[in-house]
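> What follows is a structure written as structure tokens; I'll ask about it next.
See below:
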């Protein structure tokens with residue numbers, strides 16, 4: 001019996017919108033994770049214990065808790081903390097009594113906090129891989145700490161950290177599928193609703209499987225493009241090192 005696959009394309013607009021939300025969530029979560037990761041990295045390698053200890057606790061705890069558990073803890077915890085903050089005198093003084101986070105914004109912050117711990121360890125390993133002689137040479141040439149970081153440390157950190165960042169990015173993008181459990185209309189949620197709410201698709205195994213395959217191909221497309229971009233970045237940051245054995 002021929003299958004009426006045209007029923008799947010009735011959802012094309014919703015699927016594209018879900019894919020857009022997934023991509024936005026992934027990119028914004030990545031940016032936040034990179035910022036948090038850099039801050040936590042330098043806090044962790046600091047000689048000041050009041051900086052290194054909290055950073056160590058942060059990376060250790062978050063890397064030891066399953067992503068799904070973290071999602072529920074942060075998602076509902078952030079909402080609760082915001083509710084408590086809005087009732088404080090500080091919120092009234094700043095005029096933030098009506099401050100609110102929608103589900104998408106909360107999901108971005110959650111993803112950023114979750115993967116900031118992994119990025120911190122990636123940056124930390126990359127920083128420790130930089131030859132110490134180069135830092136000493138920069139000091140000998142009279143470069144300031146900021147000039148040393150901007151011209152020597154940071155570019156090499158990116159080169160060493162890029163493989164880890166790319167791996168974290170791919171995992172982050174796939175992890176965004178979990179936000180469908182907290183009512184964010186991402187690609188996974190749209191695909192699931194289409195496969196289970198439409199009687200024709202729900203009752204036909206082949207059509208239902210085809211709908212899920214569309215979702216899988218969407219994620220595969222994003223990750224393939226990501227790998228191409230990462231390859232180009234690796235070539236860029238490897239300039240001058242290709243002939244070094």
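Residue numbers (the UniProt record's numbering): 1 to 245. A virtual CB, placed ideally from N, CA and C, is assigned to each residue, including glycine. Predicted model, so just to flag it, every value in this text is computed and none were measured.
Report all residues from its chain with a CB closer than 7 Å to the CB of residue 26; omit the five preceding and five following residues, and keep chain order.
Counting from one through the chain shown, the residue named residue 26 turns up at place 26. If we look at residue 26 and ignore the five residues flanking it on each side, its Cβ neighbours are 172, 173, 176.
> According to DSSP, is residue 12 part of a helix, a strand, or is it coil?
One-based indexing of the chain shown puts residue 12 at position 12. It is helical.
> When DSSP labels each residue in this structure, what does residue 27 get in the three-state scheme?
Start at 1 with the first residue of the chain shown, and residue 27 comes out as number 27. Helix, per DSSP.
> Please classify residue 121: is it buried, with 16 or more other beta-carbons within 10 angstroms of its beta-carbon, or exposed?
Counting from 1 along the chain shown, the entry for residue 121 is found at position 121. Result: buried.
> Hey, residue 78 and residue 106 are a contact pair by Cβ (cut 8 Å); roughly how many whole angstroms apart?
If you number the chain shown from 1, residue 78 lands on position 78. If you number the chain shown from 1, residue 106 lands on position 106. Their Cβ separation, rounded to whole angstroms, is 6 Å, which keeps residue 78 and residue 106 in contact under 8 Å.
> What are the start and end residues of each continuous alpha helix (DSSP H) run of 4 or more residues lying completely inside the region 177-215, in chain order?
Qualifying alpha helix (DSSP H) stretches, in chain order: 187-197, 199-202.
> Distance, Cα to Cα, residue 131 vs residue 73?
The residue you call residue 131 lines up with position 131 of the chain shown. The residue you call residue 73 lines up with position 73 of the chain shown. Roughly 40 Å between the two C-alpha positions.
> In whole angstroms, what is the alpha-carbon distance linking residue 35 and residue 169?
Here residue 35 refers to the residue found at position 35 when the chain shown is read from its first residue. Here residue 169 refers to the residue found at position 169 when the chain shown is read from its first residue. The straight-line gap from Cα to Cα measures roughly 14 Å.
> Under three-state DSSP, which class holds residue 131?
Locating residue 131 in the chain shown gives position 131, counting from the first residue. Residue state, collapsed to three classes: coil.
> In its own chain, which residues sit with a C-beta less than 6 Å from the C-beta of residue 129, not counting the 5 before and 5 after it?
What you label residue 129 is simply residue 129 of the chain shown in a count that begins at 1. Taken in chain order, the residues that qualify are 160.
> Starting from residue 55 and walking both ways along the alpha helix (DSSP H), at which residues does that stretch end?
Position 55 of the chain shown, counted from the start, is the residue given in the question as residue 55. Residue 55: member of the alpha helix (DSSP H) spanning 49-64, first to last residue.
> State the Cα-Cα distance for the pair residue 144 and residue 135, rounded to the nearest angstrom.
Within the chain shown, residue 144 is the residue found at index 144, counting from 1. Within the chain shown, residue 135 is the residue found at index 135, counting from 1. Going by the C-alpha atoms only, they are around 11 Å apart.
> If contacts are defined as beta-carbon pairs under 8 Å, then residue 21 and residue 204 qualify, I think. What distance do you get, rounded to the angstrom?
For the purposes of this step, residue 21 is taken as the residue at position 21 of the chain shown. For the purposes of this step, residue 204 is taken as the residue at position 204 of the chain shown. About 27 Å; that fails the 8 Å criterion.
> Does the separation of the CB atoms of residue 189 and residue 29 fall below 8 Å?
Residue numbering aside, residue 189 sits at position 189 when the chain shown is read from its first letter. Residue numbering aside, residue 29 sits at position 29 when the chain shown is read from its first letter. Not closer than 8 Å, so no.
> I'd like to check one pair, residue 200 with residue 7: are the Cβ atoms closer than 8 Å?
Within the chain shown, the letter at position 7 stands for residue 7. Within the chain shown, the letter at position 200 stands for residue 200. Yes, these two residues count as a Cβ contact at 8 Å.
> Thinking C-beta only, is residue 178 closer than 8 Å to residue 71?
Counting from 1 along the chain shown, the entry for residue 71 is found at position 71. Counting from 1 along the chain shown, the entry for residue 178 is found at position 178. Yes; because the gap between Cβ atoms is below 8 Å, this pair is in contact.
> How close, in whole Å, do the beta carbons of residue 40 and residue 59 come, if the pair is a contact with beta carbons under 8 Å?
Looking up residue 40 in the chain shown gives position 40. Looking up residue 59 in the chain shown gives position 59. Contact holds; Cβ gap of about 6 Å.
> Applying the criterion that 16 or more other CB atoms from any shown protein chain within 10 Å of the CB defines a buried residue, is residue 110 buried or exposed?
The residue you call residue 110 lines up with position 110 of the chain shown. Residue 110 should be labelled buried.
> Let's see if you can read the secondary structure: which residues bound the alpha helix (DSSP H) around residue 168?
Here residue 168 refers to the residue found at position 168 of the chain shown. First-last of the alpha helix (DSSP H) with residue 168: 154-175.
> Is the Cβ-Cβ distance between residue 23 and residue 154 less than 8 Å?
By one-based count along the chain shown, residue 23 stands at place 23. By one-based count along the chain shown, residue 154 stands at place 154. No. Outside cutoff.
> Would you mind giving the Cβ-Cβ distance between residue 37 and residue 125, rounded to the nearest angstrom? I have them listed as a contact below 8 Å.
Here residue 37 is taken as the residue at index 37 of the chain shown, counted from 1. Here residue 125 is taken as the residue at index 125 of the chain shown, counted from 1. Contact flag wrong, Cβ pair sits at about 11 Å.
> Whole-angstrom Cβ separation of residue 246 and residue 182, contact assumed at under 8 Å?
Here the chain comprises residues numbered 1 to 245, so residue 246 is not present and cannot be evaluated.
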